[in-house]
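In UniProt numbering, the protein residues as written are 1 to 426.
Note that CB positions come from ideal geometry on N, CA and C, so glycine has one too.
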């Protein structure tokens, strides 16, 4: 049976993620799922490519978003449309059979994924053979496809609460889209018109943006293919990556002693680390993502706003915790708005995952590392994630020394409020 794909135009705000070559290639939410390697290696110990592809095929069969690509509309009259496109797994699933120990952080952070192509579904997965015998699935999706919370569905579909055989997953029903641009525009206009409800409401919505602004966007869409081709000769900006894993129990204990949540403890620790290592005592500011999915279906591809959180120079830890908590709470409730006032070198975020162990096929998931999406305008960013008793801190940035120093300092700051000294892993 054929499944008809609803017409979905890309949101104007999401179009910026495919606006230029550097942004298109670097703005990719990324997560690394480290699993026990026995069932994903051959009898000789080599990485089993066929088994890994079956795991990804299992994900694709469950999540239609991985079976879509963007299609530009004639003359740029609207944003691109998401249309059905079956992925070529031989292209989307990539392998690094042996990862040198000194390259683990970089590889899990996305340094070896290669390039995306705009005429294919906007995702890739790197399957990595780790030095200790474990295997890592490292999916990346382009930000236009969805933000980090949306992209977590990849990891959700890759795993389950109990061991399973991905080969038993039936193939999905074929997806079909309108064949012509006229069909797409007619369906999109009909949906838009029904949303407005009346001619006056439709006119108000259309005139909300100036004609000059609409014309400029249309011109940009027409020129985009040529601009992207010219820019593609320039390598994407280089990135450095570092992560560490702590015991979630110890992090929670330290946060409790500090009188705050794990999220606010992370933001406080990151700000204090930035103040010391980057701002050199002159005060620090970072962006903090705030999800706007409360009260929605959760299907929005991108529904995150940024708020700026800052600390004055020399703020003591106790005062810093209170300052951060009040600023984050105001932003989450809408009192602080989502406006970003003044510069910030990057962002810091925390996303908890599952509290109980999960399985990728027959393989136990050992660790989850969630990586920040480093905007080309930012120097570094921090992302933490928790899973089944583990807490990972991942830092990406433009300078290797800064990335490593921030990782270590944030870990130390997080555990500083614990009642007894805790050794921080390197």
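Discussion item. DSSP three-state label for residue 4, please.
Written reply: In the chain shown, residue 4 corresponds to position 4, counting from 1. In the structure shown, residue 4 sits in a strand (DSSP, three-state: E or B).
Discussion item. Extract the residue ranges of the beta strand (DSSP E) inside the stretch 304 to 357, only unbroken runs of 3 or more that lie entirely within it.
Written reply: 304 to 311, 348 to 352
Worksheet item: For residue 164, which of helix, strand or coil comes out of DSSP?
Response: Working through the chain shown from its first residue, we reach residue 164 at position 164. The answer is coil: DSSP assigns residue 164 none of H, G, I, E or B.
Worksheet item: So is residue 333 buried or exposed if we call it buried at 16+ other beta carbons inside 10 Å?
Response: Locating residue 333 in the chain shown gives position 333, where the first residue counts as 1. It counts as exposed.
Worksheet item: Does the distance from the C-beta atom of residue 43 to that of residue 138 stay below 8 Å?
Response: Here residue 43 is taken as the residue at index 43 of the chain shown, counted from 1. Here residue 138 is taken as the residue at index 138 of the chain shown, counted from 1. Contact flag unset, no.
Discussion item. Quick check on the DSSP output: the alpha helix (DSSP H) that includes residue 91 runs from which residue to which?
Written reply: As a working note, residue 91 is residue 91 in the chain shown. Segment 89 to 92, the alpha helix (DSSP H) holding residue 91.
Worksheet item: Going straight from the alpha carbon of residue 223 to that of residue 21, what length do you get?
Response: Along the chain shown, one-based indexing puts residue 223 at 223. Along the chain shown, one-based indexing puts residue 21 at 21. Going from the Cα of residue 223 to the Cα of residue 21 covers about 13 Å.
Discussion item. Let me check understanding here. Comparing Cα to Cα, which of 176, 157, 175 lies closest to residue 169?
Written reply: Counting from one through the chain shown, the residue named residue 169 turns up at place 169. Measuring from the Cα of residue 169, the nearest candidate turns out to be 157.
Worksheet item: By Cβ distance, which residues of its chain are closer than 6 Å to residue 389, with the 5 residues on each side in sequence left out?
Response: Position 389 of the chain shown, counted from the first residue, corresponds to residue 389. Within the same chain, residue 389 has close Cβ partners 248.
Practice prompt. Could you check which residue in 8, 26, 37 has the C-alpha nearest to that of residue 366?
Written response: Reading the chain shown from its first residue, position 366 is the one you call residue 366. For the residues 8, 26, 37, the minimum Cα distance to residue 366 belongs to 37.
Practice prompt. Tell me residue 247's beta-bridge partners as DSSP assigns them.
Written response: One-based indexing of the chain shown puts residue 247 at position 247. 390, per the DSSP bridge assignment.
Practice prompt. Go to residue 10, then tell me how far its beta strand (DSSP E) extends in each direction, as first and last residue.
Written response: One-based indexing of the chain shown puts residue 10 at position 10. Unbroken run through residue 10: none, as it is neither H nor E.
Discussion item. Quick check on the burial criterion: 16 or more other C-beta atoms within 10 angstroms. Buried or exposed for residue 119?
Written reply: For the purposes of this step, residue 119 is taken as the residue at position 119 of the chain shown. So residue 119 counts as exposed.
Item to complete: Report buried or exposed for residue 383, applying the criterion of at least 16 other Cβ atoms within 10 angstroms of its Cβ.
Response: The residue you call residue 383 lines up with position 383 of the chain shown. The residue in question, residue 383, is buried, as its Cβ has 16 or more Cβ neighbours within 10 Å.
Item to complete: Give me the Cα-Cα distance between residue 277 and residue 406, rounded to the nearest whole angstrom.
Response: As a working mapping, residue 277 is identified with position 277 in the chain shown. As a working mapping, residue 406 is identified with position 406 in the chain shown. Those two C-alpha atoms are separated by around 7 Å.
Practice prompt. Just confirm the distance between the C-beta atoms of residue 267 and residue 251, as a whole number of angstroms; I'd bet it's less than 8 Å.
Written response: Residue 267 sits at position 267 when you count from the first residue of the chain shown. Residue 251 sits at position 251 when you count from the first residue of the chain shown. Rounded, the Cβ-Cβ distance is 13 Å, inconsistent with contact.
Worksheet item: Among residues of its own chain, excluding the 5 on either side of residue 71, which ones have a beta-carbon nearer than 7 Å to its beta-carbon?
Response: For the purposes of this step, residue 71 is taken as the residue at position 71 of the chain shown. Excluding sequence neighbours, residue 71 sits near 80, 81, 83.
Worksheet item: In or out: residue 18 buried (at least 16 other Cβ within 10 Å) or exposed?
Response: Along the chain shown, read from residue 1 onward, the residue named residue 18 stands at position 18. Per the 10 Å Cβ criterion, buried.
Fill in: Residues near residue 113 in its chain [Cβ-Cβ closer than 6 Å; skip 5 each side]
On the chain shown, position 113 is the one that residue 113 refers to. Here the set comprises 124, 126, 140.
Worksheet item: Between the C-alpha atoms of residue 15 and residue 172, what's the straight-line distance to the nearest angstrom?
Response: Translated into positions along the chain shown, residue 15 becomes position 15. Translated into positions along the chain shown, residue 172 becomes position 172. When rounded, the distance between both Cα atoms is 28 Å.
Worksheet entry | Three-state secondary structure (DSSP) of residue 370 | Taking the chain shown and counting its residues from 1, the one referred to as residue 370 is at position 370. It is a strand residue.
Worksheet item: What are the start and end residues of each continuous beta strand (DSSP E) run of 3 or more residues lying completely inside the stretch 111 to 174, in chain order?
Response: Taking only runs of at least 3 residues, the beta strand (DSSP E) segments lying wholly in the stretch 111 to 174 are 123 to 129, 135 to 141.
Worksheet item: How many angstroms separate the CA atom of residue 312 from the CA atom of residue 197?
Response: Along the chain shown, one-based indexing puts residue 312 at 312. Along the chain shown, one-based indexing puts residue 197 at 197. Roughly 49 Å between the two C-alpha positions.
Discussion item. Taking only three categories from DSSP, how would you classify residue 27?
Written reply: Start at 1 with the first residue of the chain shown, and residue 27 comes out as number 27. It is coil, neither helix nor strand.
Fill in: As assigned by DSSP and simplified to three states, the class of residue 84
Against the chain shown, residue 84 aligns to sequence position 84. Of the three classes helix, strand and coil, the one that applies to residue 84 here is strand, per DSSP.
Practice prompt. Given a cut-off of 8 Å, decide if residue 379 and residue 346 are closer than it, judged by their beta-carbon atoms.
Written response: Position 346 of the chain shown, counting from 1, holds the residue named residue 346. Position 379 of the chain shown, counting from 1, holds the residue named residue 379. Cβ atoms of residue 346 and residue 379: closer than 8 Å.
Worksheet item: With distances taken from CA atoms, which of 271, 351, 184, 51 is nearest residue 78?
Response: The count along the chain shown starts at 1 and reaches residue 78 at position 78. It is 184.
Fill in: Cβ neighbours of residue 52 in the same chain (closer than 8 Å, five flanking residues each side left out)
The residue labelled residue 52 in the question sits at position 52 within the chain shown. These residues qualify, in order along the chain: 40, 93, 95, 127, 135, 137.
Worksheet item: By how many angstroms is the C-alpha of residue 187 removed from the C-alpha of residue 337?
Response: In the chain shown, the residue the question calls residue 337 occupies position 337. In the chain shown, the residue the question calls residue 187 occupies position 187. Here the model assigns residue 337 a pLDDT of 47, short of 50, so the residue's position is not dependable and the matter cannot be decided.
Fill in: residue 47, enclosing beta strand (DSSP E) - first and last residue
The residue you call residue 47 lines up with position 47 of the chain shown. Neither: residue 47 is in no beta strand (DSSP E) and is coded neither H nor E.
Item to complete: Determine, using beta carbons only, whether residue 159 and residue 411 come nearer to each other than 8 Å.
Response: Counting from 1 along the chain shown, the entry for residue 159 is found at position 159. Counting from 1 along the chain shown, the entry for residue 411 is found at position 411. Not in contact: residue 159 and residue 411 (Cβ atoms no closer than 8 Å).
Item to complete: Decide if residue 391 is buried, meaning its Cβ has at least 16 other Cβ atoms within 10 Å, or exposed.
Response: Taking the first residue of the chain shown as 1, we reach residue 391 at position 391. Residue 391 is buried by the Cβ-count criterion.
Worksheet item: Just checking my contact of residue 269 with residue 117 at CB under 8 Å: how many whole Å lie between their CB atoms?
Response: Numbered from 1 along the chain shown, position 269 holds the residue referred to as residue 269. Numbered from 1 along the chain shown, position 117 holds the residue referred to as residue 117. The pair is not a contact, with the Cβ atoms about 39 Å apart (cut-off 8 Å).
Worksheet item: Apart from the five residues on each side of it in sequence, which residues of its chain come closer than 6 Å, Cβ to Cβ, to residue 150?
Response: Stepping through the chain shown from its first residue, residue 150 is reached at position 150. Counting only Cβ-Cβ distances below 6 Å, and skipping sequence neighbours, we find 301.
Item to complete: Report the option in 57, 129, 131, 146 whose CA atom is closest to the CA atom of residue 24.
Response: The sequence position of residue 24 within the chain shown is 24, counting from 1. The residue with the shortest Cα to Cα distance from residue 24 is 146.
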